[in-house]
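Reviewing the structure listed below.
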Ligand SMILES: [Zn+2]
Ligand SMILES: [Zn+2]
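Written out as structure tokens, the structure reads:
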């Protein structure tokens, strides 16, 4: 047994071996509590900052775009969608050769139309929801959102069939 003095409150306690940070249990608890409170404060500040608000919409949009585009390239890779560089498909808007799979709704990543580059840019941005909490803007939160939506749809389908 060794006697260790808590570096924070100065209480002496008997230990089998020295503790990692030299804090007694209650000081360690208080320390972690303070650490997490500080992190929450910082996150709140970040989310409320003007810069964050200004960039929020484009952050969320690019996360959704990235998600949808990667789903389409995965589909092309496993032949669930034709590869537009190899197969001639006409643009649904103007009839010229399509080069892009165009989204109207990023929550339906495989609901795409073949478009030429200029019609794609004419169509503008696809719909994306951004009503989830502003601190969640990662791919993870989007996947969770889509999974929840899919589960809801499956539930509704089951209800309709019954
Ligand atoms: Zn202590
Ligand atoms: Zn076109």
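Residue numbers (the working numbering): -11 to 150.
Just so you know, even glycine gets a beta-carbon here, dropped at the ideal spot from N, CA and C.
Hey, quick one: how far does the beta strand (DSSP E) through residue 15 stretch, first residue to last? Segment 13 to 36 is the alpha helix (DSSP H) holding residue 15; no beta strand (DSSP E) there.
Ligand 1 and residue 52: does the residue's C-beta get closer than 7 Å to at least one heavy atom of that ligand? No; taking the cut-off as 7 Å, the Cβ of residue 52 has no heavy atom of ligand 1 nearer than that.
Residue 93 - DSSP class collapsed to helix/strand/coil: Strand.
Is residue 60 helix, strand or coil when you go by DSSP? In this structure, residue 60 counts as helix in the three-state DSSP scheme.
So what does DSSP say about residue 115, is it helix, strand or coil? Residue 115 falls in the strand class under three-state DSSP.
Take the Cβ of residue 117 as the centre, count every other Cβ of all protein chains shown within 10 Å, and call the residue buried at 16 or more, exposed below. It is exposed - the Cβ of residue 117 has fewer than 16 other Cβ atoms within 10 Å.
Which same chain residues, not among the five before or five after residue 54, have their C-beta less than 7 Å away from its C-beta? Contacts found: none.
Span separating the alpha-carbon of residue 62 from that of residue 85: Rounded to whole angstroms, residue 62 to residue 85 spans 22 Å at the Cα level.
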